[in-house]
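Reading through the structure tokens given below for one structure.
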Amino acid sequence: MGVAFAFHWQAVWDGHSPDVPLATISQCLNLPPASTVIPMKPLLLVLVLALPSFGEIETDANQGGRPAKSEDVARTGKDGETAAGEISAIVRAVLEKELRGTVRDLVAFKSRSVGQPGNGQAAAYLHERLKRIPGLQVAPLVEPWKNVIATLPGTDATSRELFIVGAHYDSMAVPPELAPGAMDDAAGIAIVLEMARILSQSRFKHPILFACWNGEEVGLKGSREFVQQLLKDGRRVSLYLNYDSTAFDPQHRLVLDVIANPPAAAARKLLFENNLRHGIGFTLVEDRHACHGDHTPFQEAGFPVINTHQEDHGAHYHTANDTLERVSFPYAASNGQLGLSIIATLADRVVATQNSSQPTP
Ligand SMILES: [Zn+2]
53 MGVAFAFHWQ
63 AVWDGHSPDV
73 PLATISQCLN
83 LPPASTVIPM
93 KPLLLVLVLA
103 LPSFGEIETD
113 ANQGGRPAKS
123 EDVARTGKDG
133 ETAAGEISAI
143 VRAVLEKELR
153 GTVRDLVAFK
163 SRSVGQPGNG
173 QAAAYLHERL
183 KRIPGLQVAP
193 LVEPWKNVIA
203 TLPGTDATSR
213 ELFIVGAHYD
223 SMAVPPELAP
233 GAMDDAAGIA
243 IVLEMARILS
253 QSRFKHPILF
263 ACWNGEEVGL
273 KGSREFVQQL
283 LKDGRRVSLY
293 LNYDSTAFDP
303 QHRLVLDVIA
313 NPPAAAARKL
323 LFENNLRHGI
333 GFTLVEDRHA
343 CHGDHTPFQE
353 AGFPVINTHQ
363 EDHGAHYHTA
373 NDTLERVSFP
383 YAASNGQLGL
393 SIIATLADRV
403 VATQNSSQPT
413 P
């Protein structure tokens with residue numbers, strides 16, 4: 053990444069001030085290209101041939117991001133190959149119709165803006181959706197922000213690791229009564245729910261938490277409240293993966309912006325590798341957006357963070373026209389696949405259960 057990235061990084065991540073007016077907090081800046089576009093597909097064959105075995109990569113990534121452990125080393129070789137196959141099955145389990153169904157249901161609330169009836173209705177809907185997924189522990193809704201939080205417990209009760217995947221369910225438009233927020237951020241919530249549905253069918257060594265935040269558009273309220281509580285409890289986060297404005301791709305370009313902070317270097321490396329390994333097919337760029345979002349409180353706490361972002365917001369961002377038809381479901385599905393591949397690897401899938409995924413009941 054070098055000096056240029058480090059300088060740019062400071063500009064992106066340290067610019068937040070509590071004095072910034074609320075209306076600007078979640079706005080995104082499109083930055084001039086700060087890094088080279090990496091044409092992934094032409095490089096696929098060369099890179100795949102050059103990649104070491106899955107187990108070697110995983111060990112290497114682990115050594116870069118968290119202390120190497122004996123279990124990590126033991127997962128090289130034959131076991132590693134088995135794990136790679138199981139993770140491929142998890143990646144392939146993403147269903148576009150599940151994503152579409154969630155977005156359709158959320159936009160039906162007309163507006164999920166804070167203060168609108170649809171905001172509370174969406175919280176209740178998401179709470180119910182997560183409670184219907186076997187294996188998840190769903191927290192009660194707590195005022196004032198009513199984040200919807202579900203945890204997939206890890207098999208290692210002594211684990212100090214915690215992986216979090218999140219998106220925000222509130223929306224924004226002027227006037228606030230009609231803010232469908234399909235792309236921003238019903239589609240992100242749909243990805244989080246789909247990851248919860250799929251990952252809950254396996255067992256992982258470390259816990260994975262699925263978060264639907266509220267109040268992002270009025271100052272990152274829900275995620276800030278959550279991070280403050282985490283810090284009070286002395287918890288640390290191994291990786292926070294944020295999905296916000298990650299589903300607009302009208303020309304089917306499959307260009308995905310990856311914004312990772314330095315503590316997330318190993319996970320970022322894994323993301324680039326998995327894009328190739330699992331044939332996900334994104335052209336990955338980096339640091340094109342300087343967005344404050346629900347990743348910001350995690351970043352400010354010093355936790356590893358990856359935020360992925362669509363190439364462009366389009367003209368319908370934060371308007372009444374951010375509707376279901378704008379959402380590129382193949383793009384959203386691919387982004388969900390990428391996240392699944394990372395979380396399933398890092399949270400350490402330990403027991404194969406069923407590979408075939410059941411659609412939402
Ligand atoms: Zn958003």
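First residue of the sequence shown: 53, per our numbering; consecutive thereafter.
Idealized CB from N, CA, C, for every residue including glycine.
Work out the CA separation of Gln281 and Val146 for me, nearest whole Å.
32 Å
6 Å Cβ shell around Asp208 - same chain, five flanking residues per side excluded
Lys257
Simplified DSSP state of Pro73, which is helix, strand or coil
With a pLDDT of 34 at Pro73, under the threshold of 50, the modelled position of that residue is not reliable, and the figure given next carries that caveat. In this structure, Pro73 counts as coil in the three-state DSSP scheme.
Whose C-alpha, out of Ser393, Gln303, Val159, is nearest the C-alpha of Asn327?
Ser393
Beta-bridge partners of Ala263, as assigned by DSSP
Ile201, Gly218
Distance check for Phe355 and Arg249, CA to CA, integer angstroms please.
25 Å
By Cβ distance, which residues of its chain are closer than 6 Å to Asp309, with the 5 residues on each side in sequence left out?
Val337, Arg340, His341, His361
I'd like to confirm the pairing. Which residues does DSSP put opposite Asn359 in its beta bridges?
Asn294, Ile311
Decide if Val217 is buried, meaning its Cβ has at least 16 other Cβ atoms within 10 Å, or exposed.
buried
Within 10 Å of its beta-carbon, does Val379 have 16 or more other beta-carbons around it, so buried, or fewer, so exposed?
buried
Is there contact between the segment 380-399 and the segment 269-277, where contact requires at least three CB pairs shorter than 8 Å?
no
C-beta contact flag for Ala225 and Ala231 at 7 Å:
yes
Name, in chain order, the residues that DSSP records as bridge partners for Thr335.
Val307
Under the criterion of a Cβ to heavy atom distance below 6 Å, does Asp364 qualify as lining ligand 1?
no
I need the straight-line Cα distance from Thr397 to Ala319, nearest angstrom please.
10 Å
Give the straight-line distance between the Cα atoms of Lys162 and Lys284, rounded to the nearest whole angstrom.
36 Å
Chain-order list of residues whose beta-carbon lies under 6 Å from that of Val403 (same chain, five-residue window excluded)
Confidence at Val403 is low in this model, with a pLDDT of 48, below 50, so its placement is unreliable and the value that follows should be read with caution. Taken in chain order, the residues that qualify are Arg255.
Going by the beta-carbon positions, is the gap between Ala202 and Val190 smaller than 7 Å?
yes
Tell me, please, whether the segment 233-241 touches the segment 289-302 by the rule of three or more beta-carbon pairs shorter than 8 Å.
yes
Does the Cβ of Asp236 lie closer than 6 Å to at least one heavy atom of ligand 1?
yes
Does DSSP put Ser408 in a helix, a strand or coil?
Model confidence at Ser408 stands at a pLDDT of 41, short of 50, so the residue's coordinates are unreliable and nothing is read from them.
List the endpoints of the continuous alpha helix (DSSP H) containing Leu182.
169-183
Using a threshold of 6 Å, is the CB atom of Asp301 nearer than that to any non-hydrogen atom of ligand 1?
no
Run through DSSP, which three-state label would Arg401 get?
strand
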